[in-house]
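Notes for the one structure printed next.
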Amino acid sequence: MISKFTRQALELDAATEADRIISSTREQVLVTLRRRGVVVGLSGGIDSSVVASLCVRAFGKEKVLGILMPERDSSGDSLRLGRVIAAQLGIATLVEDIAPALDAIGAYRRQSEAIRSVVPDYDEGWKCKLVLTSILESQGLNITRLTVQDPNGRTKTVRLPPAAYLQIVAATNYKQRIRKMTEYYHADRLGYAVAGTPNRLEYDQGFFVKQGDGIADVMPIVHLYKTQVYQLAEYLGVDEEIRRRPPTTDTFSLAQSQEEFYFALPYQLTDLCLFGMNHGIGADEVAAAAGLTGSQVEKVFKDIEAKRRGARYLHSRPLPSVPMDVD
9 MISKFTRQAL ELDAATEADR IISSTREQVL VTLRRRGVVV GLSGGIDSSV
59 VASLCVRAFG KEKVLGILMP ERDSSGDSLR LGRVIAAQLG IATLVEDIAP
109 ALDAIGAYRR QSEAIRSVVP DYDEGWKCKL VLTSILESQG LNITRLTVQD
159 PNGRTKTVRL PPAAYLQIVA ATNYKQRIRK MTEYYHADRL GYAVAGTPNR
209 LEYDQGFFVK QGDGIADVMP IVHLYKTQVY QLAEYLGVDE EIRRRPPTTD
259 TFSLAQSQEE FYFALPYQLT DLCLFGMNHG IGADEVAAAA GLTGSQVEKV
309 FKDIEAKRRG ARYLHSRPLP SVPMDVD
């Protein structure tokens, strides 16, 4: 138990933690996995930038390869900022445009078909995203909705029936899976390991795609809350523009924050609530630290638990029909 819970509970000794991660990752890759270096998918976001920075310190810039994987719906900032961190670190990069693969496999077509089942006019030139209202404002179940924008800039938001929602998500998940396939191609040809970029908030709450961004050989920051990743980024000297950039999904054609797509609350507040739950802190005490009411924190606690239940499938390994003595 923590005697007095404040926002400072998430403060990190960044220098000590960076050294610990660097040492551990080096041991895991070179000794345990017997790989020569690492591949990192660079999104221009805080997590991949921190992982790349740690890996350069662990292996040297010559043994870190950054892969930039834009597609039709990607923000131009993602590619630009991915190049910024690569240049800052001095690592080699490759640009792999995954749009042709996504088009060939039908990802865009399947997504559009699902959208047209609820918005018949949806066509070329339109944009879309999935959104949630703030968990503090929602009443009852917080249902994902679809926002579309026509070529003239007019937007509308509609509720999604389950079948349409599931098809949109399934089609969109192709993106993370093809990116991960691409990372493993380059890792295989170089004898490298793949470094994953999820942080603790994302991994705990299931904000990743199974066999996509949820898989890797090493995950250097998966134990760190998002708030702590930002602290580590400052210590490591990650470019200030990347540190100022709000966390995004960079998945749909309309700009979209992680908050409105999945967490329904700013990461700073979700981190505090998750940390509080993990350390047995009561809702009222967490509320005082977060600037919320006790009832609001109780709603967040329930949402965290619900997301954890959904994440069990994402975390699960293949299930054999009979027990096997394999780790």
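Under my numbering, the sequence shown is numbered contiguously, ending at residue 335.
Even for Gly, the Cβ is constructed at its ideal location relative to N, Cα and C.
These numbers come from a predicted model, not from an experiment.
For residue i, which residues of its own chain have a beta-carbon under 6 Å away from its beta-carbon, when the five flanking residues on both sides are left out?
{"i": "residue 271", "result": "278"}
{"i": "residue 153", "result": "139, 165, 167"}
{"i": "residue 302", "result": "291, 292, 295"}
{"i": "residue 239", "result": "20, 22"}
Looking at residue j and residue i, is the spacing between their C-beta atoms short of 9 Å?
{"i": "residue 74", "j": "residue 54", "result": "no"}
{"i": "residue 106", "j": "residue 183", "result": "yes"}
{"i": "residue 61", "j": "residue 50", "result": "no"}
{"i": "residue 71", "j": "residue 44", "result": "yes"}
{"i": "residue 33", "j": "residue 226", "result": "yes"}
{"i": "residue 332", "j": "residue 190", "result": "no"}
{"i": "residue 231", "j": "residue 208", "result": "yes"}
{"i": "residue 241", "j": "residue 224", "result": "no"}
{"i": "residue 30", "j": "residue 66", "result": "yes"}
In this structure, what does DSSP give as the bridge partners for residue i?
{"i": "residue 256", "result": "265"}
{"i": "residue 157", "result": "135, 163"}
{"i": "residue 100", "result": "73"}
Within a Cβ cutoff of 7 Å, which residues of the same chain sit near residue i, ignoring the five residues on either side of it in sequence?
{"i": "residue 14", "result": "297"}
{"i": "residue 143", "result": "150, 272, 273, 307, 308, 311"}
{"i": "residue 322", "result": "214, 216, 218, 222"}
{"i": "residue 130", "result": "120, 123, 124, 156"}
{"i": "residue 181", "result": "217, 220"}
May I ask which residues mark the beginning and end of the beta strand (DSSP E) holding residue i?
{"i": "residue 139", "result": "135 to 139"}
{"i": "residue 47", "result": "46 to 49"}
{"i": "residue 74", "result": "72 to 76"}
{"i": "residue 202", "result": "201 to 203"}
Under 9 Å, Cβ to Cβ, is there at least one residue of chain C near residue i?
{"i": "residue 100", "result": "This model lacks chain C altogether; it includes just one protein chain."}
Looking only at its own chain, which residues have a Cβ that is under 8 Å from the Cβ of residue i, when we skip the five neighbours before and after it?
{"i": "residue 246", "result": "54, 57, 58, 61, 93, 96"}
{"i": "residue 318", "result": "214"}
Go to residue i, then tell me how far its alpha helix (DSSP H) extends in each direction, as first and last residue.
{"i": "residue 119", "result": "115 to 124"}
{"i": "residue 67", "result": "54 to 67"}
{"i": "residue 174", "result": "170 to 198"}
Taking three-plus beta-carbon pairs below 8 Å as touching, is the segment 127 to 142 in contact with the segment 189 to 200? no
State whether the segment 118 to 127 contacts the segment 281 to 296, with contact taken as three or more CB pairs (one from each stretch) at a distance under 8 Å. no
Counting pairs of beta carbons, one from the segment 106 to 120 and one from the segment 224 to 244, are three or more of them closer than 8 Å? no
Mind the definition here: the segment 18 to 26 touches the segment 174 to 182 only if three or more C-beta pairs lie below 8 Å; say whether that holds. no
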